[in-house]
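Protein chains in written order, with our numbering: chain A, 1 to 293; chain B, 1001 to 1358.
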């Protein structure tokens, strides 16, 4: 029973990480951008929830969804499209600069202290299932991960936009030559990653009820690591990587003796190094993501 | 080991010219600016120490083409090692009772403390570099970042030795503009000699085309390791000086994470491919940051006091960084070095690489 409880905890934490990793991995897969500003898509959404406190929840979520999608599209349009052909390291620093700028903009607007909002407190209530006490939010997290991952896989594999996305990812020049409007496809990828970010925001804020302008950073870092472990450019890999990092974190939380608890993160990242050394291409390798001769 | 055997004085002069010009610029700037006011002299010192760190980073990133997020770890390691060796034993007994007996009693000269810090960073770079240098591209970047997190979490929570997020005080403060200038000149010289040595050229060949370079028999991993260790040593020099400039160390508020990103940004804004770019980037971002800091305090323009709202300087700094990167994605100098010959110097002659490979 204890093991089952642990499994549910691992899956719910892992689910949140997996969703973050999917959003990052999607953008990387399509345009090769490691988007540090992804954490800010999550963060700005949380502040929309703060501003819409008191509004009936479906409308609040709708507001977040609209704002974050527009925000993501604007970041692509104003910033990333301008440097699309630059070196990968330049792209990475551009996204970092954007993330830094937005964080501090929110410090100016809302202050750097933690703000709290009571959003959907009902879902934190625990439910009894067969003798196990499970928080409602955990179930939601697991469900959201399964539904969104499946939906994303269906979109990528079976829709026209998915085909075009894979074409742009495989060979942007060729895709343009055969008539794919690559700017529109990239915009679609940004919009989808914004939807994933909103899901993370809603679940995270419902669970913790608090936010700072910097809370997106640690999530992005974990998502980033999960993407690489799973295999950059592979969406199932991203989801797998997110689950593994979440499971490892939960496991260490339960197993480590208390004087080693503060060092938990060091163990997680040491494990990341080991995985990379054994499989530099990630657990699920994608041929097209790696340089060909 | 220069790529071409330099024989005549003229050739040696031309070989050192871009470096000499930058050193001259730094010397002039340091002496004129630091004589203005003590506050200005602190800014100069701060910028020069950051330049040492950026140079360290450049030795690895500029030549190997691998983006490292791990150099912050070397800053931490050397700063604390130097602190352990140089804080007076009387103080150590009080503030760091967790230190082992040997470190409790030792009290070294600042120079030896600095060397101790560098040696520890070099050893760490060797140990971590041997496995990590097999990786390329984004996997390598993430692995170096993971390495940074491991070191930073350890130092953050190892309170008996480091005081963690509280402040470790009592470091002898000996770093002023002159010491920092000397360190910056040494760092630039090391970077320039390495870049122009046959090792540097071979490593740059692996940056341009890893597969072709390997096929020509270039031992990419070993060269990367060499650059990694050398760059760790230079970064460690900057890290240790940073501690002895502030007189205190702390791991609170992610200082080292922010510092690492600041120096990476300086490098990338200036241009990762050239020494000149890196110097320009460091000076430019330091200048912009300082201007915005002044604006936030408020300055008088034609009788009107111009004050920016609090916290907005980071926003503007980020904006300037983005603007620079969008307008000049290759860096402010576009990867070129200063050049004094009349004919346009080729960016990196293929023949030079082939020659060096022989």
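For every residue, glycine included, the Cβ atom is placed at its ideal position computed from N, Cα and C.
Measure the alpha-carbon distance for residue i versus residue j and round it to whole angstroms.
i, j, result
"residue 126 of chain A", "residue 14 of chain A", "19 Å"
"residue 146 of chain A", "residue 1260 of chain B", "37 Å"
"residue 98 of chain A", "residue 1322 of chain B", "7 Å"
"residue 1068 of chain B", "residue 107 of chain A", "28 Å"
"residue 6 of chain A", "residue 129 of chain A", "14 Å"
"residue 1112 of chain B", "residue 72 of chain A", "52 Å"
"residue 1137 of chain B", "residue 89 of chain A", "9 Å"
"residue 231 of chain A", "residue 144 of chain A", "22 Å"
"residue 226 of chain A", "residue 274 of chain A", "13 Å"
"residue 1332 of chain B", "residue 1197 of chain B", "25 Å"
"residue 1277 of chain B", "residue 1324 of chain B", "13 Å"
"residue 2 of chain A", "residue 245 of chain A", "20 Å"
"residue 42 of chain A", "residue 1127 of chain B", "37 Å"
"residue 1291 of chain B", "residue 175 of chain A", "46 Å"
"residue 32 of chain A", "residue 266 of chain A", "28 Å"
"residue 1366 of chain B", "residue 1122 of chain B", "As shown, chain B starts at 1001 and ends at 1358. That puts residue 1366 of chain B outside it, with no answer to give."
"residue 12 of chain A", "residue 1247 of chain B", "45 Å"
"residue 1181 of chain B", "residue 104 of chain A", "32 Å"
"residue 164 of chain A", "residue 171 of chain A", "11 Å"
"residue 149 of chain A", "residue 1228 of chain B", "39 Å"
"residue 1213 of chain B", "residue 1222 of chain B", "13 Å"
"residue 1001 of chain B", "residue 1183 of chain B", "With a pLDDT of 48 at residue 1001 of chain B, under the threshold of 50, the modelled position of this residue cannot be trusted; read the value that follows with caution. Between residue 1001 of chain B and residue 1183 of chain B, the C-alpha separation is close to 22 Å."
"residue 1008 of chain B", "residue 77 of chain A", "55 Å"
"residue 1095 of chain B", "residue 1023 of chain B", "40 Å"
"residue 1045 of chain B", "residue 1317 of chain B", "20 Å"
"residue 140 of chain A", "residue 121 of chain A", "13 Å"
For residue i, which residues in chain B fall below 7 Å Cβ to Cβ?
i, result
"residue 104 of chain A", "1311, 1314, 1315 and 1318"
"residue 249 of chain A", "Within 7 Å Cβ-Cβ: nothing; residue 249 of chain A doesn't reach chain B, min ~13 Å."
"residue 232 of chain A", "1138"
"residue 86 of chain A", "1329"
"residue 101 of chain A", "1315, 1318, 1319 and 1322"
"residue 245 of chain A", "Those within 7 Å of residue 245 of chain A in chain B number zero; the least Cβ separation is about 11 Å."
Output, in chain order, the set of chain A residues within a Cβ distance shorter than 7 Å of residue i.
i, result
"residue 1366 of chain B", "Chain B is shown from 1001 up to 1358; residue 1366 of chain B falls before or after that span and cannot be answered."
"residue 1268 of chain B", "89, 90 and 93"
"residue 1067 of chain B", "89 and 92"
"residue 1150 of chain B", "266, 269 and 270"
Quick one: which chain B residues come within Cβ less than 8 Å of residue i?
i, result
"residue 98 of chain A", "1318 and 1322"
"residue 228 of chain A", "1138, 1139 and 1142"
Out of the options, which one is the CA nearest neighbour of residue i?
i, options, result
"residue 24 of chain A", "A:200, A:120 and A:249", "A:200"
"residue 1075 of chain B", "B:1240, B:1295 and B:1273", "B:1240"
"residue 60 of chain A", "A:90, A:180 and A:206", "A:206"
"residue 1313 of chain B", "B:1293, B:1325 and B:1207", "B:1293"
"residue 1050 of chain B", "B:1160, B:1237, B:1324 and B:1296", "B:1237"
"residue 1304 of chain B", "B:1126, B:1295 and B:1311", "B:1295"
"residue 1116 of chain B", "B:1084, B:1096 and B:1141", "B:1084"
"residue 1042 of chain B", "B:1056, B:1144 and B:1174", "B:1174"
"residue 1188 of chain B", "B:1012, B:1026 and B:1010", "B:1026"
"residue 92 of chain A", "A:79, A:103 and A:104", "A:79"
"residue 1110 of chain B", "B:1070, B:1081 and B:1125", "B:1081"
"residue 168 of chain A", "A:101, A:185, A:157 and A:159", "A:185"
"residue 1078 of chain B", "B:1167, B:1307 and B:1162", "B:1162"
"residue 241 of chain A", "A:4, A:18 and A:8", "A:18"
"residue 214 of chain A", "A:68, A:100 and A:155", "A:100"
"residue 96 of chain A", "A:26, A:117 and A:34", "A:34"
"residue 1152 of chain B", "B:1301, B:1071 and B:1179", "B:1071"
For residue i, go through chain B and note every residue whose CB falls closer than 9 Å to its CB, in chain order.
i, result
"residue 224 of chain A", "1142 and 1145"
Kindly list, in the order they appear in chain A, the residues whose Cβ is closer than 8 Å to that of residue i.
i, result
"residue 1307 of chain B", "Result: empty, since nearest Cβ-Cβ is about 13 Å, beyond 8 Å."
"residue 1325 of chain B", "83, 86, 90, 93, 94 and 97"
What residues of chain A sit near residue i, judged by a beta carbon separation below 9 Å?
i, result
"residue 1265 of chain B", "93, 96, 97 and 100"
"residue 1036 of chain B", "What residue 1036 of chain B touches in chain A: nothing, since even the nearest Cβ is about 29 Å away."
The segment 1190 to 1203 of chain B / the segment 1284 to 1299 of chain B touching (three or more Cβ pairs under 8 Å): no
Selection of the segment 258 to 289 of chain A by Cβ proximity to chain B, strictly under 7 Å: 262, 263, 265, 266, 269, 270, 272, 273, 276, 277 and 280
Residues from the segment 1112 to 1141 of chain B in contact with chain A, defined by Cβ distance under 7 Å: Within the segment 1112 to 1141 of chain B, the residues whose Cβ lies closer than 7 Å to any Cβ of chain A are, in chain order, 1131, 1135, 1138 and 1139.
At least 3 beta-carbon pairs within less than 8 Å: the segment 1104 to 1120 of chain B vs the segment 1252 to 1268 of chain B: no
Sufficient close CB pairs (3 or more, under 8 Å) joining the segment 257 to 265 of chain A to the segment 1013 to 1031 of chain B: no
Near-chain A residues of the segment 1234 to 1261 of chain B (beta-carbon distance less than 8 Å), N- to C-terminal order: 1261
Touch test, the segment 1054 to 1065 of chain B against the segment 1269 to 1277 of chain B, Cβ-Cβ under 8 Å, three pairs minimum: yes
Sufficient close CB pairs (3 or more, under 8 Å) joining the segment 1243 to 1259 of chain B to the segment 1124 to 1142 of chain B: no
Contacting positions in the segment 57 to 84 of chain A - beta carbon closer than 7 Å to chain B: 79, 82 and 83
Selection of the segment 105 to 136 of chain A by Cβ proximity to chain B, strictly under 7 Å: 105, 107 and 108
The segment 161 to 176 of chain A in contact with the segment 47 to 54 of chain A per 3-pair CB rule at 8 Å: no
Interface positions of the segment 1267 to 1289 of chain B facing chain A (Cβ-Cβ less than 7 Å), listed along the chain: Per Cβ criterion, the list reads 1268 and 1272.
Against chain B: residues of the segment 149 to 166 of chain A by CB proximity under 7 Å: none
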